[in-house]
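Q: I'd like to ask some things about the structure below.
Protein chains in written order, with this note's numbering: chain A, 660 to 774; chain B, 626 to 737.
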């Protein structure tokens, strides 16, 4: 068990550019979650996958955001045409099983700065 | 949509004093989880409460789930400097099995 890993750890981009983040969950964890966290706030749910199926997506998530988990293992989160308001820590978490009760294991996050 | 509020936002205590943070949901929850985030770190799971009125203890930490399953609390007895961090509650409603809604957290500072 090597834990949840995320790459890159930091990303600085200019407004209007596209960025992609990667999350590698704990092996054999069926569920994978993406959150966004800004300073002084709790993690804000973005979307989650059960295996390769994206089961729920936040209504707050604009069409510029897309996430994939093509083989049910790692996941990518892409933000197109970045805006300064997208600057935040993007957290990935995974959990075992298919139920909603399992604890979530968080990765170290990717800190995005949009200039 | 579902909202989860936490109070207080900040709490400064002297080492050895007790600490309590409260969590309130706008909707009935199927379960609630508590996480701790150290400065510069990521959230780490502490505990989950499922049953109405449930009380769980972990050493100096006591967690409670309200009878109506809309509120919860975390109490730390005799705080230590290692307790420093932000404590989040996160609730799950019965209509969304995957989504966790986090409160804004309580930042605990412990002065030695």
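No residue lacks a Cβ here, since even glycine has one placed at the ideal position from N, Cα and C. From a predicted model like this one, the values you see are computed outputs, not experimental measurements.
Please report the Cβ distance between residue 772 of chain A and residue 671 of chain A, rounded to the nearest whole angstrom; I am assuming they are in contact, meaning their Cβ atoms lie under 8 Å.
A: Going by Cβ atoms, the distance from residue 772 of chain A to residue 671 of chain A rounds to 5 Å, so yes, they are a contact pair.
Q: Relative to the C-alpha of residue 646 of chain B, which candidate in B:633, B:706, B:626, B:666 has its C-alpha closest?
A: Cα-wise, what sits closest to residue 646 of chain B is B:633.
Q: How big is the Cα-Cα spacing for residue 735 of chain B and residue 688 of chain B?
A: Their Cα atoms are separated by approximately 20 Å.
Q: For residue 707 of chain A, return the contacting residues in chain B, with the cut-off set at a CB-CB distance below 8 Å.
A: Correct list: 723, 724.
Q: Under 8 Å: do the stretch 694-702 of chain B and the stretch 641-661 of chain B share three or more Cβ pairs, one atom per stretch?
A: Result yes; three or more Cβ-Cβ pairs closer than 8 Å.
Q: Report the start-end ranges of each beta strand (DSSP E) in the stretch 683-734 of chain A that is 3 residues or longer and not cut off at the edges.
A: If we require 3 residues or more, the beta strand (DSSP E) runs fully inside the stretch 683-734 of chain A come out as 690-696, 703-709, 712-716, 724-727.
Q: By the DSSP assignment, the beta strand (DSSP E) with residue 715 of chain B in it spans what residues?
A: Segment 710-717, the beta strand (DSSP E) holding residue 715 of chain B.
Q: Looking at residue 705 of chain A and residue 695 of chain A, is the spacing between their C-beta atoms short of 9 Å?
A: Yes.
Q: Report the option in B:665, B:643, B:640, B:682 whose CA atom is closest to the CA atom of residue 659 of chain B.
A: Minimum Cα distance to residue 659 of chain B is reached at B:682.
Q: Just to make sure I have the definition right: I need the residues of chain A whose C-beta is within less than 7 Å of the C-beta of residue 705 of chain B. Which are they?
A: Neighbours of residue 705 of chain B on chain A: none; closest Cβ ~23 Å, over 7 Å.
Q: Output the distance between the C-alpha atoms of residue 663 of chain B and residue 713 of chain B, rounded to the nearest integer angstrom.
A: If I take the Cα positions, the gap works out to 11 Å.
Q: To which residues does DSSP link residue 741 of chain B through a beta bridge?
A: Limits of chain B in this structure are 626 at one end and 737 at the other, which puts residue 741 of chain B out of reach.
Q: Counting contacts by CB-CB distance shorter than 9 Å, is residue 702 of chain A in contact with chain B?
A: Chain B, which has a Cβ nearer than 9 Å to the Cβ of residue 702 of chain A, makes this yes.
Q: In three-state terms, what does DSSP make of residue 743 of chain A?
A: Helix, per DSSP.
Q: Taking a contact to mean a Cβ-Cβ separation below 9 Å, would you say residue 763 of chain A touches residue 725 of chain B in this structure?
A: Going by C-beta atoms, residue 763 of chain A is nearer than 9 Å to residue 725 of chain B.
Q: Determine whether the Cβ of residue 713 of chain B lies closer than 9 Å to any Cβ atom of chain A.
A: With 9 Å as the cut-off, residue 713 of chain B counts as an interface residue toward chain A.
Q: So what's residue 702 of chain B in DSSP terms, helix, strand or just coil?
A: Residue 702 of chain B falls in the coil class under three-state DSSP.
Q: Are the CB atoms of residue 638 of chain B and residue 728 of chain B within a distance shorter than 9 Å?
A: Not in contact: residue 728 of chain B and residue 638 of chain B (Cβ atoms no closer than 9 Å).
Q: Using three-state DSSP, classify residue 731 of chain B as helix, strand or coil.
A: Residue state, collapsed to three classes: strand.
Q: On the DSSP letters alone, give me the boundaries of the beta strand (DSSP E) that residue 667 of chain B sits inside.
A: That residue, residue 667 of chain B, is in no beta strand (DSSP E); it is neither H nor E in DSSP.
Q: Among the residues of its own chain, which have a CB less than 7 Å from the CB of residue 745 of chain A, if the five just before and after it don't count?
A: Around residue 745 of chain A: 738, 771, 773.
Q: Flag residue 687 of chain A as yes if its beta-carbon sits less than 9 Å from any beta-carbon of chain B, otherwise no.
A: Answer no: the Cβ-Cβ gap between residue 687 of chain A and chain B never drops below 9 Å.
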